[in-house]
Amino acid sequence: MKNYIIKILTGLVCIVGATGCKKYLDVKPNDKFLESQVFSTENGVKTALNGVYVNMAGPNLYGGNLTMSTLDVMAQRYNLSAFNHNWAQYAAYNYNDARVVFTMDNIWSTSYKQILNLNIFISQLNNSPGVLSVSKASLLKGEAYGLRAMLHLDLLRLFGPVYSTSPTALSIPYYTKAQTQSSGSLPANVVMEKILSDLDTAATLLANDPIILDGKQTVSAPNDADVFYKYRNMHMNYYAVRALQARANLYAGNKQKALSYAAQVITEASKWFTWTNDGQAITPAYTDRKFSSEVLFGLQNLDIYKQFDVLFRYDVGAANLLAPHKQRLSGNYSPSDFRYISWFRVPPSGTSDFSFFKFESVIVDSEDFRRFFQPLIRISEMYYIAAESHTDPSESFKYLNTVLKKRGLQDLPLTANLQNEIQNEYVREFFGEGQLFYYYKRRALTAIPNGSAASGNLTVSAQQYVVPIPESESGR
Numbered sequence: 001m002k003n004y005i006i007k008i009l010t011g012l013v014c015i016v017g018a019t020g021c022k023k024y025l026d027v028k029p030n031d032k033f034l035e036s037q038v039f040s041t042e043n044g045v046k047t048a049l050n051g052v053y054v055n056m057a058g059p060n061l062y063g064g065n066l067t068m069s070t071l072d073v074m075a076q077r078y079n080l081s082a083f084n085h086n087w088a089q090y091a092a093y094n095y096n097d098a099r100v101v102f103t104m105d106n107i108w109s110t111s112y113k114q115i116l117n118l119n120i121f122i123s124q125l126n127n128s129p130g131v132l133s134v135s136k137a138s139l140l141k142g143e144a145y146g147l148r149a150m151l152h153l154d155l156l157r158l159f160g161p162v163y164s165t166s167p168t169a170l171s172i173p174y175y176t177k178a179q180t181q182s183s184g185s186l187p188a189n190v191v192m193e194k195i196l197s198d199l200d201t202a203a204t205l206l207a208n209d210p211i212i213l214d215g216k217q218t219v220s221a222p223n224d225a226d227v228f229y230k231y232r233n234m235h236m237n238y239y240a241v242r243a244l245q246a247r248a249n250l251y252a253g254n255k256q257k258a259l260s261y262a263a264q265v266i267t268e269a270s271k272w273f274t275w276t277n278d279g280q281a282i283t284p285a286y287t288d289r290k291f292s293s294e295v296l297f298g299l300q301n302l303d304i305y306k307q308f309d310v311l312f313r314y315d316v317g318a319a320n321l322l323a324p325h326k327q328r329l330s331g332n333y334s335p336s337d338f339r340y341i342s343w344f345r346v347p348p349s350g351t352s353d354f355s356f357f358k359f360e361s362v363i364v365d366s367e368d369f370r371r372f373f374q375p376l377i378r379i380s381e382m383y384y385i386a387a388e389s390h391t392d393p394s395e396s397f398k399y400l401n402t403v404l405k406k407r408g409l410q411d412l413p414l415t416a417n418l419q420n421e422i423q424n425e426y427v428r429e430f431f432g433e434g435q436l437f438y439y440y441k442r443r444a445l446t447a448i449p450n451g452s453a454a455s456g457n458l459t460v461s462a463q464q465y466v467v468p469i470p471e472s473e474s475g476r
């Protein structure tokens, strides 16, 4: 496994080598020669796609901003009451602040760079018959289409309008060709149609994904080629695409389709993506606080512990530390909830009453893939989507109570407020994973819990949910 990670990191390049960004991307004409060379061998093709995965795992995207830091700060997860806290302007949705502008511009430009790389990858693979077998080409193109849809979906969820109230408002561009010219923004519903179309294509291409018959196969294979194709939970795979179809359809308000896809993942993937052993999870020696066995898709983020050190380590200083408010934490979690037991503890020193330890390095085996695993799509989300989408309350509570039982909690009665309980689960389940802000925006909630206070809500307007498109793209 160690060799697999090293190969991903040492030989990987951005497909076209572009580093600048102006009106989408600037790419030199002579990069076309590099492209043809990269796609002339199977190893080159794998290197190109791995380059996208590595860049997606960087701090600008899913290795930081879109998971544990910026998006969770905007969801008011952390106590930022310290004077001049470095994340305060993000939590205040001050999109004119220089640091906030810089961060959002990086999210935008890095996302579209990877979309460009994926478009080049698809185009070159189509123009390079015989380099890969038909089955391998279908598999890797399926991954690329799924990743392209995922990146566009998250750009839409961050920079687009509140979809439930303004589905036809202008949102973001959608790129499907290997072009460097800037394209105009499209209505949000048109972008969603393109996302769903890409996901349909990905699902078709991944119809013979090895994960369906063999599972994620997190056991070392005899050679590098086998490792590349078998570690399916670290690649965009068939079940991750189905899960994205559920996520996207729910965001678009298509609950019947969302339920269908979520139920399919639950039915078919549960044998491979098993629940974390709760008996182990509540022990101090438990080494997998990320509950990796439940993750349908994640990335290898070799900087995950650096991120932990600068964001969550108890001694980084009051103005830098991202830590939950003690009263909020106790109000959100039951003492028996093994997410609470595994992820939070009283630090030995520092400025906070509780610290968030989910991403602390605890795996002893240096070759264990879980050490650097960045969770992005969990099977538990499919249960929440099914619970929210089902028309029969009794079935909804069955889905929700399944997760609660696996987290050490009691079943909810049918008299409980279903939507409130689903919201409570988004608060508890996705700590450090960036999904809560998207949940609030999808529901167009005007009042969300204020993480910097022991109680009370923060008023959020529709405008605050919509991050402005960077000036480097809009030309303002």
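Per UniProt numbering, the sequence shown starts with residue 1, numbered consecutively.
Idealized CB from N, CA, C, for every residue including glycine.
CB contact flag (residue i, residue j, <8 Å)
i    : j    : result
K441 : V191 : no
M236 : F291 : no
L156 : A188 : yes
D90  : T67  : A small fix is needed here, since residue 90 is Tyr in this sequence, not Asp. Not closer than 8 Å, so no.
R77  : L445 : no
N301 : Q374 : yes
L287 : A318 : Reading off the sequence, residue 287 comes out as Thr, not Leu. Against a cut-off of 8 Å, the Cβ pair of A318 and T287 comes out as no contact.
A248 : I195 : yes
L186 : Y174 : yes
I282 : I341 : yes
R407 : R339 : yes
S128 : F39  : yes
Y95  : V101 : yes
L140 : L147 : no
A462 : T168 : no
M234 : F369 : yes
M104 : V467 : yes
Q264 : G63  : no
L404 : S336 : no
S182 : E473 : yes
Which listed residue (the options) has its alpha carbon closest to that of residue i
i    : options                   : result
N43  : N457, F273, K358 and Y229 : Y229
L151 : D198, L139, A137 and Y305 : D198
G253 : Q179, T204, A137 and E388 : E388
Y314 : P348, S336, Q327 and W343 : P348
N332 : I211, G451, V38 and A444  : G451
N106 : M56, A149, R148 and Y78   : M56
L206 : E143, V38, T180 and T168  : E143
V310 : F359, Y112 and Y238       : F359
I304 : V38, T402, T415 and N65   : N65
E421 : P468, I385, Y438 and F312 : I385
L125 : T110, Y174, Y112 and Y145 : Y145
W275 : S293, F338, D72 and I195  : S293
T47  : F121, I212, N233 and P470 : F121
N79  : D392, S361, R371 and F312 : F312
A454 : R407, L329 and G130       : L329
E471 : W108, H85, N60 and G58    : W108
M74  : G432, L153, H390 and E268 : G432
A149 : K136, Y112 and D209       : Y112
Y239 : Y465, A137, P210 and V466 : P210
G58  : S171, S182 and L299       : L299
N60  : S182, T110 and Q37        : T110
E193 : Y251, N86, I469 and L458  : Y251
Residue i - partner residues in DSSP beta bridges
i           : result
residue 500 : Absent from the model: residue 500. The displayed extent of the chain is 1 to 476, so no value can be given.
L458        : I448
S128        : For S128, which the question treats as bridged, DSSP gives no partner whatsoever.
residue 503 : Because the chain is modelled from 1 through 476, residue 503 falls outside the range shown and cannot be assessed.
beta-carbon residue i near the ligand GTP non-hydrogen atom, thresh 7 Å
i   : result
S81 : This structure does not include the ligand GTP; it has no bound ligands of any sort.
Proximity test, Cβ basis, 8 Å: residue i and chain D
i   : result
T41 : Structure shown: chain D not included; a single protein chain is present.
Stretch pair the region 321-328 + the region 355-363: three plus CB contacts closer than 8 Å: yes
Segment contact flag, the region 243-250 with the region 375-382, C-beta cutoff 8 Å, min 3 pairs: yes
Can you confirm whether the region 44-55 touches the region 413-431 when touching is taken to mean that 3 or more C-beta pairs between the two stretches lie within less than 8 Å? no
Hey, which unbroken runs of the beta strand (DSSP E) at 3 residues or more fall wholly within the region 294-347? 295-300
Mind listing, in chain order, the continuous alpha helix (DSSP H) runs of no fewer than 4 residues lying wholly within the region 153-206? 188-205
Across the region 164-181 and the region 98-118, are there enough close Cβ pairs to call them in contact, namely three or more that are closer than 8 Å? yes
Any chance the region 408-415 sits against the region 389-398, with 3 or more Cβ pairs inside 8 Å? yes
Taking only runs of the alpha helix (DSSP H) that begin and end inside the region 66-140, which ones reach a length of at least 4 residues, in chain order? 70-74, 88-91 and 98-126
Fully enclosed by the region 215-279, which alpha helix (DSSP H) runs are 4 residues long or longer? For the region 215-279, whole alpha helix (DSSP H) runs of length 4 or above, ordered along the chain, are 224-230, 238-251 and 255-269.
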